[in-house]
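This report refers to the structure that appears directly beneath it.
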Amino acid sequence: MAYDADVIVIGAGLAGLAATAELVDAGRKVILLDQEPEQSLGGQAHWSFGGLFLVDSPEQRRLRIRDSRELAWQDWLGTAGFDRTEDHWPRKWAEAYVDFAAGEKRAWLHRQGVRFFPVVGWAERGGYDATGHGNSVPRFHITWGTGPGLVAPFERRVRAGAARGLVDLRFRHRVTGLSRSAGSVDTVSGEILAPSDAERGRPSSREVTGAFELRAQAVIVTSGGIGGNHELVRANWPERLGKPPQRMLSGVPAHVDGKMLGIAEAAGGRVINRDRMWHYTEGIDNWNPIWPMHGIRILSGPSPLWLDARGKRLPVPLFPGFDTLGTLEHIMRTGYDHTWFVLTQKIIEKEFTLSGSEQNPDLTGKSVREVLGRARAGAPGPVQAFMDHGADFIVERSLTSLVRRMNELTEDPLIDEAALRREIVARDREIANSFTKDLQVTAMRGARKYLGDRLIRTAAPHRLLDPKAGPLIAVRLSILTRKTLGGLETDLSSRVLTEGGEPLPGVYAAGEVAGFGGGGVHGYRSLEGTFLGGCLFSGRTAGRAAARAVS
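Following this line, the structure appears as structure tokens:
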């Protein structure tokens, strides 16, 4: 039986594009399959903020950030918390990835035309001890052009391969099976879906118009995670994070359904760390949704007062931007799915950014003029749109009116105005002098010692009840599904492993379906900026390994 290609890649997201680009460079013939229409090429990466984890970069050094491979590895280990026998390959992938981030990653991307916004963000700050969770220094590098800017060079390489006759792009092909016709897995079968003109991210038709069966010497699975499949998210929800939310928003399109995990497992692959996942706690309903239950994450500076559903401050160090899963665990043990930010107009103007390429048209469009416009008075345009139209935003001049409307927005009136006023007045007293026992105030002041935060990320500390800083703003926050941290177990050549620990012949995996490498390179938690980079690193590895393996 003849082969239809040297390699079949399943999934045309960032990992699939990176793998295909490497195969093209090696002169291999590739069939790239995706169940979505061509306009969705690039997958979830297109919608991303374009954040990348880099270590000791020129951008860091210009801002006087002292970073090192050793410090980054210390932070990764403290964050990942590897403690399972299944963490053998994830830990090896983690060390290889940190070496990549501290080594050739930036230069490799730079050669392909990728550039970075000059201010480095400080995500996942931790707030525990030196060996605990979090980034010790700012490492979040925003791609100039955000997600589309990062996808572009890999799409360009793949389309150049198609022009040379090396890549066959087949959209609307939904894989339903992997099988063997000889000793290795070499057959990919599935359904052909009806053509669709659905815009990127919007649900496309699931009408089946035919079937296909294709053969190749190797198969690379790059199909993504489970974030759009709430049923599967709840089924895998770990007990350590409490009960799964009754209501969740989706940070990814509906087609991110995790079905290829089961298909690869049925073919003999091993899925590990199913209960490791990454969901955000600062989700808001998108007033202009693209996909079902479309949520947007608020990327906040450290100043908003974060309250649980009953109006009580979240415990130290669960401040905005410090510990995502620590915050999620706390929230789910309160018995409610939502929390609140309470802040001022002065804070929202300086500290609120919305995640996603479409929410940052200045950075996505590479407009220096519009980026500089962020320094003007007023909230950024996309943030103002949510203030005007978003169901989760409340703007009032008085705390009394604010609390009344907060209680109207929830099923039960849970917040007591007098108790919240005492909380806010107590916090405001701590602002009045240079000494404080309030660790959030300490964190705000500490953030402003970093030039990047002082310039564009952290408002000058002020009293929340100061009329000059108003009006007051409350934002209801929901759980937002996002990333799968576990997945298909792979060795350092991206070969999928079986239950016995041996490579599944002919099958490779990369990106989120492989836990971004090894079946869970992040362990229990992420340092942020590591998802896109994990897709690139594991996709590149899989493409190069498969290219070497086929004749």
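Quick note: the sequence shown, position 118, residue 1260 per the working numbering, numbers continuous. We treat Cβ as the ideally placed atom computed from N, Cα and C, and that holds for glycine.
When P1522, T1364, G1370 are compared against I1405, the one with the closest alpha-carbon: Of the residues P1522, T1364, G1370, the one whose Cα lies closest to the Cα of I1405 is T1364.
Contacting residues, own chain, Cβ-Cβ under 6 angstroms from G1660 (five flanking each side not counted): So the list reads W1231, P1232, W1235, T1632, once near-sequence residues are dropped.
Residue range of the beta strand (DSSP E) that includes R1233: That residue, R1233, is in no beta strand (DSSP E); its alpha helix (DSSP H) goes 1230 to 1244.
CB-CB under 7 angstroms to V1545, same chain, minus the five flanking residues each way: which ones, in chain order? Excluding five sequence positions before and after V1545, the CB atoms of its chain that fall closer than 7 angstroms to its own CB belong to I1557, E1559, L1562, given in chain order.
Measure the alpha-carbon distance for D1608 versus I1566 and round it to whole angstroms. When the Cα atoms are used, D1608 and I1566 turn out to be separated by approximately 11 angstroms.
Between I1598, A1652, G1352, S1323, which has its C-alpha nearest R1316's C-alpha? The option with the nearest alpha carbon to R1316 is G1352.
When you compare the CB positions of G1675 and L1194, do they come within less than 7 angstroms of one another, or not? Yes, these two residues count as a Cβ contact at 7 angstroms.
Count the other C-beta atoms from every protein chain shown that fall within 10 angstroms of the C-beta of H1275, then say buried if there are 16 or more, exposed otherwise. Buried, since its Cβ has 16 or more Cβ neighbours within 10 Å.
Straight-line gap, R1455 to R1416 (C-alpha atoms, nearest Å): Rounded to the nearest angstrom, the two C-alpha atoms are 32 angstroms apart.
Smallest Cα separation from L1467: which of W1379, R1226, V1692? Considering only alpha carbons, the answer is W1379.
With distances taken between CB atoms, is the gap from H1436 to I1621 smaller than 7 angstroms? The answer is no: Cβ separation not under 7 angstroms.
How far does the alpha helix (DSSP H) with G1468 in it reach, from first residue to last? Per DSSP, G1468 belongs to the alpha helix (DSSP H) from 1466 to 1474.
Whole-Å CB distance - V1327 paired with V1361, under 8 angstroms assumed: Between the beta-carbon of V1327 and that of V1361 there is about 6 angstroms, and that keeps the pair under the 8 angstroms contact cut.
If I'm right that A1709 touches V1149 with Cβ under 8 angstroms, what's the distance once you round it to whole angstroms? There is simply no residue 1709 to check, as the chain begins at 1143 and stops at 1693 in what is shown.
Is there contact here, the region 1507 to 1514 with the region 1649 to 1659, by at least three beta-carbon pairs under 8 angstroms? Contact between the region 1507 to 1514 and the region 1649 to 1659 is absent: fewer than three C-beta pairs spanning the two stretches fall below 8 angstroms.
Alpha carbon to alpha carbon, how far is R1547 from I1536? If you take the alpha carbons of R1547 and I1536, they lie about 7 angstroms apart.
Residue range of the beta strand (DSSP E) that F1461 falls in? F1461: not part of any beta strand (DSSP E); DSSP gives it neither H nor E.
Best match in E1349, A1691, L1496, T1469 for proximity to Q1177 [C-alpha to C-alpha]: Minimum Cα distance to Q1177 is reached at E1349.
How is the beta strand (DSSP E) around H1315 delimited, first residue to last? Segment 1315 to 1322, the beta strand (DSSP E) holding H1315.
Continuous beta strand (DSSP E) stretch holding R1357: start and end: Unbroken beta strand (DSSP E) run through R1357: 1350 to 1363.
Rounded C-beta distance between W1598 and R1516? I'm assuming under 8 angstroms. Contrary to the premise, residue 1598 reads as Ile rather than Trp in this sequence. I1598 to R1516, Cβ: 7 angstroms. Contact.
Spell out a yes or no on whether the region 1439 to 1454 and the region 1482 to 1502 are touching, meaning 3 or more CB-CB pairs, one atom from each, closer than 8 angstroms. Touching, per the Cβ criterion.
Report yes or no: do three or more beta-carbon pairs, one from the region 1335 to 1349 and one from the region 1584 to 1594, lie closer than 8 angstroms? Taking 8 angstroms as the limit for Cβ pairs, the verdict is that the region 1584 to 1594 does not touch the region 1335 to 1349.
Start-end ranges of the alpha helix (DSSP H) lying completely within the region 1155 to 1196, minimum 4 residues: Runs found: 1156 to 1167.
Between the beta-carbon of E1201 and the beta-carbon of P1290, is there less than 7 angstroms? Taking a C-beta distance under 7 angstroms as the contact criterion, E1201 and P1290 do not qualify as a contact pair.
Using only the alpha-carbon positions, how far apart do F1322 and S1635 sit? For the sequence presented, residue 1322 should be read as Arg rather than Phe. Answer to the nearest angstrom: the Cα atoms are 21 angstroms apart.
What span of residues does the beta strand (DSSP E) with G1482 cover, start to end? It should be noted that the sequence gives Trp, not Gly, for residue 1482. Going by DSSP, W1482 is part of the beta strand (DSSP E) stretching over 1481 to 1486.
What separation, rounded to the nearest whole angstrom, lies between the Cα atoms of N1549 and P1555? Their Cα atoms are separated by approximately 4 angstroms.
Backbone secondary structure at F1282 - three-state DSSP: In the structure shown, F1282 sits in a strand (DSSP, three-state: E or B).
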